[in-house]
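Numbering of the sequence shown is given in the working numbering, commencing with residue 12 and proceeding in unit increments.
The beta carbon of each residue, even a glycine, is placed where N, CA and C say it ideally should be.
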Amino acid sequence: MSLFDVLDINVKQLGGLIVSCQPVPDSPLDKPEIVAAMALAAVNTGAVAVRIEGLNNLKATRELISVPIIGIIKRDLPDSPVRITPFLEDVDALAQAGADIIAFDGTDRPRPVGVKAMIDRIHQRGCAAMADCSSLEDGTECHNLGADIIGTTMSGYTTDAVPTEPDFPLVQALSAKGYRVIAEGRFNSPALAALAIKHGAWAVTVGSAITRIE
């Protein structure tokens, strides 16, 4: 079976929870073995996939779990606001470290590498491409360029003021177009995660509410 065949079965059986295991940088939990342990605990309690940042964290997690891993690398660039997997070299490294899905910033902002080039490179490395988007326009463009998954990850994070509530209208609008949508961003309670599914999301990523205790 393909990656998405397996995921579709698990989503239907287990409910579509993806857990993002990203501790605060330089915190007591920011160690590969701890990130991997959090990921394993999430999988043991029903997560269908995990989202992991950083190569060392990804390698440690890959040794412990067999469910799909969404891999990212975050960088702070001097000439671009894009932080999530900005370079083709990041794609290569994530694929080599064991990522099944590679997520990247899919917003329409100045960036070192174009969206199409990112998606093509991810597919060349045998991984699925997830575009972290902020709007319906972002999601539509990324889908048309070949992204396998559209995430609402960047909604509210491309402007000065970050909302407190999740972007349910965006989840619904993207899902209505038939895209495979992962709701992500401020889904910090079981009730909000359940609402995302009701609004059409294929799956929901929860991070801080589960794995950030700092």
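Query, Result
"In the DSSP assignment, find the unbroken beta strand (DSSP E) run with Met-129 in it and report its ends.", "Met-129 -> not in any beta strand (DSSP E); alpha helix (DSSP H) instead, spanning 126-135."
"Report the option in Leu-14, Ile-95, His-134 whose CA atom is closest to the CA atom of Pro-79.", "Leu-14"
"If you drop the 5 nearest sequence neighbours on each side, which residues of the same chain put their C-beta closer than 7 Å to that of Trp-213?", "Val-22, Gly-27, Arg-191, Val-192, Ile-193"
"Out of Leu-88, Ile-208, Asn-199, Ala-48, which has the shortest C-alpha to C-alpha gap to Ala-184?", "Ile-208"
"Identify, in the order they occur along the chain, each residue of the same chain with its Cβ nearer than 6 Å to the Cβ of Thr-163, setting aside the five sequence neighbours on each side.", "Asp-178, Leu-181, Val-182, Ala-194, Glu-195, Gly-196"
"Considering only their Cβ atoms, is the gap separating Ile-95 from Asp-116 smaller than 9 Å?", "yes"
"Can you find the residues in the same chain that come closer than 8 Å, C-beta to C-beta, to Glu-152, ignoring five residues on each side of it along the sequence?", "Gly-117, Asp-119, Val-126"
"Compute the distance between the beta-carbons of Ala-48 and Ile-63, then report whether it is under 9 Å.", "no"
"Since Thr-216 is in the beta strand (DSSP E), which residue starts that stretch and which ends it?", "214-217"
"Using the beta-carbon count (16 or more within 10 Å), is Met-12 buried or exposed?", "exposed"
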